[in-house]
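K.L.:
In order, the protein sequences belong to chains A and B. Numbering-wise (numbering that gives the first Met the number 0), the first sequence opens with residue 0 and increments by one. Numbering-wise (numbering that gives the first Met the number 0), the second sequence opens with residue 0 and increments by one. A single structure is presented below for examination.
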Amino acid sequence: MGKQRILELAVGLFMALGLGAMFFLAMQVSNLGTMLTGESYLITANFQNVGSLKVRASVKLAGVRIGQVEAIKLDQTSFEAIVSMRISKNYAKIPDDTSASILTAGLLGEQYISLEPGGSDNYLQNDGAIMHTQSALILEQLIGQFLFNKAGEANVSQPTDPANKQ
Amino acid sequence: MPRQLAQLGQTGLNSLGKLGRSLLVLIAITGGVPALLFRPKLIIRQLYIVGVLSVVIITVSGIFVGMVLGLQGFYVLSQFGAAESLGMMVAASLVRELGPVVTALLFAGRAGSALTAEIGLMRATEQFAGLEMMAVDPVRRVLSSRFVAGLMSMPILAAIFSAVGVLGGYLVGVALLGVDDGAFWSQMQAGIDLQRDLVNGLIKSLVFGFVCTWIALFEGHDAIPTSEGVSRATTRTVVHSALAVLGLDFVLTALMFRN
């Protein structure tokens, strides 16, 4: 009987160790600890171009993470990207004239959505929409535009197109 | 020429026959699983042999694999000025790939070979025939409990391996090479997704546990009941398990991390 008891004890310890390891992986290693807990609400924003924004990317206000991107879809009539964001209920008082822009963390980092709060007294509700948006910067377009302007400046006889001036 | 052709045909038929027998054994094993629920002591005993006795080798290997990942990752990442991403690199490679795969390889070598040898010797000493004489189905009585124990042990062992490996990477990266403590963990948490990485790693280890235990039990059951036959079957268990794990890992990775 004593031997069986030791056996059971060892197996119990083994399983506890395994559960402990899984708990450690879930809480300390994965994003479960930073994931949204509790209630949240959805807001949407239309962007001309979302660049390489991905689902689950951060939504930040003043650099503080307040939510994450829930889905990215294409509006078939206006050909704009519809980004829905899930915002934690803890941050329910976001003015409805807030603007959203897609920024990059660092030079080559992940893209995220940054919210710039407006001054309105009305707050964004569930399924509310952000009107003012700024698309992601596409590096290739930027470089192309820069080179085009440079070429225009070098060739004096050919006046530069004012539309291309930044 | 006809002789070579006949030989080829024989090989093909033999492998097909083996595949069929292994499926029959698997069906017989799963048939015995429900009855085990009323006799958990059988499973606990096998969990001890298959799981608990493998913890030491899994832990030690995990620590060293994590430490090597930390060292090599640091050398490469510091060239790009991204040494802070070390935590994410170590954790991602452990949780997604190395945890389940290396655990399965060690499991096949440590527990799978033991299972094959045990069952092969039971057959060589005609213990299965003895059980049949007592109207006990040897497949259900002997193989099912070992199968369930193997299936349960593998995810636990893989989780221990990954967790210990992350700590090993932390030890080398933060304590030894001076990566920032906070950046190590925060980059890791930002990069590792619960669903995409952890759950998929768990599914992988379950699949590997299923395949490794199945191969080990079948080879033991199918071994020629002589000392030579058992030793060959033990070798086959390790080789086939390793091949199956590595091949399946590619397929599973391709299916899981498509985006």
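Note that the Cβ used here is the ideal one computed from N, Cα and C, for glycine as well.
Which term fits residue 17 of chain A, buried or exposed, when burial requires 16 or more other beta carbons within 10 angstroms of its beta carbon?
P.N.:
Translated into positions along the first sequence, residue 17 of chain A becomes position 18. By the 16-neighbour rule on beta-carbons within 10 angstroms, residue 17 of chain A is buried.
K.L.:
Taking residue 159 of chain B as the query, report the chain A residues whose CB atoms sit under 7 Å from its CB, ordered along the chain.
P.N.:
Counting from one through the second sequence, the residue named residue 159 of chain B turns up at place 160. Chain A residues near residue 159 of chain B: 16, 17, 20.
K.L.:
Looking at the structure shown, is residue 139 of chain A part of a helix, part of a strand, or coil, going by DSSP?
P.N.:
On the first sequence, position 140 is the one that residue 139 of chain A refers to. In the structure shown, residue 139 of chain A sits in a helix (DSSP, three-state: H, G or I).
K.L.:
State the DSSP-derived secondary structure class of residue 156 of chain B, mapped to helix, strand or coil.
P.N.:
Translated into positions along the second sequence, residue 156 of chain B becomes position 157. The answer is helix: DSSP assigns residue 156 of chain B an H, G or I state.
K.L.:
Does DSSP classify residue 88 of chain B as helix, strand or coil?
P.N.:
Taking the first residue of the second sequence as 1, we reach residue 88 of chain B at position 89. In the structure shown, residue 88 of chain B sits in a helix (DSSP, three-state: H, G or I).
K.L.:
Taking its Cβ as the centre, do 16 or more other Cβ atoms sit within 10 Å of residue 28 of chain B, making it buried, or is it exposed?
P.N.:
Counted from its first residue, the second sequence places residue 28 of chain B at position 29. Flag for residue 28 of chain B reads buried.
K.L.:
Quick one: measure Cβ to Cβ for residue 237 of chain B and residue 107 of chain B, integer angstroms, because I've assumed they're closer than 8 Å.
P.N.:
On the second sequence, position 238 is the one that residue 237 of chain B refers to. On the second sequence, position 108 is the one that residue 107 of chain B refers to. Contact flag correct, Cβ pair sits at about 6 Å.
K.L.:
Applying a beta-carbon distance threshold of less than 8 Å, which residues of chain A neighbour residue 192 of chain B?
P.N.:
In the second sequence, counting from the first residue as 1, residue 192 of chain B sits at position 193. 29, 30, 55, listed in chain order.
K.L.:
Label residue 73 of chain B either buried or exposed according to how many other C-beta atoms from any shown protein chain fall within 10 Å of its C-beta, with 16 as the threshold for buried.
P.N.:
The residue you call residue 73 of chain B lines up with position 74 of the second sequence. By the 10 Å Cβ count, residue 73 of chain B comes out buried.
K.L.:
From the beta carbon of residue 80 of chain A, is the nearest beta carbon of chain B less than 8 Å away?
P.N.:
As a position in the first sequence, residue 80 of chain A is number 81, starting the count at 1. It does not: the Cβ of residue 80 of chain A has no partner Cβ on chain B nearer than 8 Å.
K.L.:
Skipping 5 residues on each side, what residues in its chain have a beta carbon closer than 6 Å to that of residue 114 of chain A?
P.N.:
Counting from 1 along the first sequence, the entry for residue 114 of chain A is found at position 115. Same-chain partners within the cutoff: 60, 97, 99.
K.L.:
Alpha carbon to alpha carbon, how far is residue 240 of chain B from residue 103 of chain B? Give it in angstroms, no decimals.
P.N.:
Locating residue 103 of chain B in the second sequence gives position 104, counting from the first residue. Locating residue 240 of chain B in the second sequence gives position 241, counting from the first residue. Taking the straight line joining both Cα atoms gives about 8 Å.
K.L.:
Please check if any C-beta of chain B sits within less than 8 Å of the C-beta of residue 38 of chain A.
P.N.:
Position 39 of the first sequence, counted from the first residue, corresponds to residue 38 of chain A. No, no contact with chain B.
K.L.:
Any beta carbon of chain B sitting closer than 8 Å to that of residue 183 of chain A?
P.N.:
Because chain A in this structure spans residues 0 to 165, residue 183 of chain A falls outside the shown range and cannot be described.
K.L.:
The alpha helix (DSSP H) spanning residue 74 of chain B covers which residue range?
P.N.:
Within the second sequence, the letter at position 75 stands for residue 74 of chain B. Per DSSP, residue 74 of chain B belongs to the alpha helix (DSSP H) from 54 to 78.
K.L.:
Checking the sheet assignment: what are the DSSP bridge partners for residue 64 of chain A?
P.N.:
The count along the first sequence starts at 1 and reaches residue 64 of chain A at position 65. Answer by DSSP bridge pairing, in chain order: A:59.
K.L.:
For residue 99 of chain B, count neighbouring C-beta atoms within 10 Å of its own C-beta (all shown protein chains included) and say buried if the count is 16 or more, exposed if not.
P.N.:
On the second sequence, position 100 is the one that residue 99 of chain B refers to. Its Cβ being crowded by 16 or more others within 10 Å, residue 99 of chain B is buried.
K.L.:
Go through the region 155 to 217 of chain B residue by residue and report every complete run of the alpha helix (DSSP H) that reaches 4 residues or more, in order.
P.N.:
180 to 190
K.L.:
Following the continuous alpha helix (DSSP H) through residue 43 of chain B, name the residue where it begins and the one where it ends.
P.N.:
Locating residue 43 of chain B in the second sequence gives position 44, counting from the first residue. Unbroken alpha helix (DSSP H) run through residue 43 of chain B: 39 to 49.
K.L.:
Apart from the five residues just before and just after residue 184 of chain A, which ones in its own chain have a Cβ nearer than 6 Å to its Cβ?
P.N.:
With chain A running from 0 to 165 in the structure shown, residue 184 of chain A is simply not present.
K.L.:
Taking the Cβ atom as the reference point for each residue, do residue 135 of chain A and residue 110 of chain A lie within a distance shorter than 8 Å?
P.N.:
Here residue 135 of chain A refers to the residue found at position 136 of the first sequence. Here residue 110 of chain A refers to the residue found at position 111 of the first sequence. For residue 135 of chain A and residue 110 of chain A, yes; Cβs fall inside 8 Å.
K.L.:
Within this structure, are the beta carbons of residue 66 of chain B and residue 170 of chain B separated by less than 8 Å?
P.N.:
Looking up residue 66 of chain B in the second sequence gives position 67. Looking up residue 170 of chain B in the second sequence gives position 171. For residue 66 of chain B and residue 170 of chain B, yes; Cβs fall inside 8 Å.
K.L.:
From residue 87 of chain B to residue 53 of chain A, what does the alpha carbon distance come to, in whole angstroms?
P.N.:
Stepping through the second sequence from its first residue, residue 87 of chain B is reached at position 88. Stepping through the first sequence from its first residue, residue 53 of chain A is reached at position 54. Whole-angstrom Cα-Cα distance: 18 Å.
K.L.:
Report yes if the CB atom of residue 37 of chain A is closer than 8 Å to the CB atom of residue 87 of chain A, and no otherwise.
P.N.:
Your numbering for residue 37 of chain A matches position 38 in the first sequence. Your numbering for residue 87 of chain A matches position 88 in the first sequence. The answer is yes: Cβ separation under 8 Å.
K.L.:
Give the C-beta separation of residue 13 of chain A and residue 50 of chain B to the nearest angstrom, bearing in mind that I take them to be a contact with Cβ-Cβ under 8 Å.
P.N.:
Taking the first residue of the first sequence as 1, we reach residue 13 of chain A at position 14. Taking the first residue of the second sequence as 1, we reach residue 50 of chain B at position 51. The pair is a contact, with the Cβ atoms about 5 Å apart (cut-off 8 Å).
K.L.:
Assuming residue 13 of chain B is part of the beta strand (DSSP E), what are its boundary residues?
P.N.:
Translated into positions along the second sequence, residue 13 of chain B becomes position 14. Run containing residue 13 of chain B: none in the beta strand (DSSP E); it sits in the alpha helix (DSSP H), 1 to 35.
K.L.:
Where residue 185 of chain B and residue 24 of chain A are concerned, what is the direct C-alpha to C-alpha distance, given to the nearest angstrom?
P.N.:
Position 186 of the second sequence, counting from 1, holds the residue named residue 185 of chain B. Position 25 of the first sequence, counting from 1, holds the residue named residue 24 of chain A. Going by the C-alpha atoms only, they are around 13 Å apart.
K.L.:
Got a sec: is the Cβ-Cβ distance from residue 61 of chain A to anything in chain B below 8 Å?
P.N.:
In the first sequence, the residue the question calls residue 61 of chain A occupies position 62. So no, residue 61 of chain A is outside the interface.
K.L.:
Give the secondary structure of residue 99 of chain A by DSSP, where H, G and I count as helix, E and B as strand, and everything else as coil.
P.N.:
Translated into positions along the first sequence, residue 99 of chain A becomes position 100. The answer is strand: DSSP assigns residue 99 of chain A an E or B state.
K.L.:
In terms of residues, what are the limits of the alpha helix (DSSP H) holding residue 240 of chain B?
P.N.:
The count along the second sequence starts at 1 and reaches residue 240 of chain B at position 241. Element bounds for residue 240 of chain B: 226 to 255.
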